[in-house]
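Position one of the sequence shown corresponds to residue 1 (the UniProt record's numbering), numbered consecutively onward.
Quick reminder that beta carbons are idealized off the backbone N, C-alpha and C, glycines included.
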Amino acid sequence: MIENKKKPNPIDIHVGSRIRLRRTMLGMSQEKLGESLGITFQQIQKYEKGTNRVGASRLQNISGILNVPVSFFFEDAPGDNAAGQSGMAEASSSNYVVDFLSSSEGLQLNRAFVKITDPKVRRRLVDLVKALAAEAESE
Numbered sequence: 001m002i003e004n005k006k007k008p009n010p011i012d013i014h015v016g017s018r019i020r021l022r023r024t025m026l027g028m029s030q031e032k033l034g035e036s037l038g039i040t041f042q043q044i045q046k047y048e049k050g051t052n053r054v055g056a057s058r059l060q061n062i063s064g065i066l067n068v069p070v071s072f073f074f075e076d077a078p079g080d081n082a083a084g085q086s087g088m089a090e091a092s093s094s095n096y097v098v099d100f101l102s103s104s105e106g107l108q109l110n111r112a113f114v115k116i117t118d119p120k121v122r123r124r125l126v127d128l129v130k131a132l133a134a135e136a137e138s139e
């Protein structure tokens, strides 16, 4: 039996993963995003996996709902030559942030941190994390 399934395009997979990243950063469910777009959560799943390509107008709608520019979904895309022009330091630092926010711990930390309104408490928390990281490095 011949496998007829077409592999998703790497750009479609990337755009879908960025949709998922932003949606989870906001704590929004697939159902809620689908509702806002007038589509099912199954369709959102297909977009996020890259199985289905997101059309331009739909991507524009998603960017409005998730409150990011359309360009957000293409940052660090495979074959993106703009990353090489902006310098390697910028590209690697944005990948680091995406990796952090893609982890469960990073997402939880980010959500909790933004709820802290006192700048002094925020600063002390950053100092604590730096101290813990320095301690871990010296071990």
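- For R53, no alpha helix (DSSP H) segment is defined, and its DSSP state is neither H nor E.
- For N61 against L37, the beta-carbon gap comes to about 6 Å, under 8 Å, which counts as contact.
- For R20, same chain residues with a beta-carbon under 8 Å away, outside a window of 5 residues either side, are E48 in chain order.
- Counting along the chain, T24 sits inside the alpha helix (DSSP H) bounded by residues 10 to 25.
- Shown here, S104 sits in a helix according to DSSP, grouped into three states.
- In this structure Q108 is exposed. Its beta-carbon is surrounded by fewer than 16 other beta-carbon atoms within 10 angstroms.
- Secondary structure of L125 (DSSP, three-state): helix.
- Our two residues, A77 and G27, have alpha carbons roughly 23 Å apart in a direct line.
- Residue range 30 to 37 is occupied by the alpha helix (DSSP H) that includes E31.
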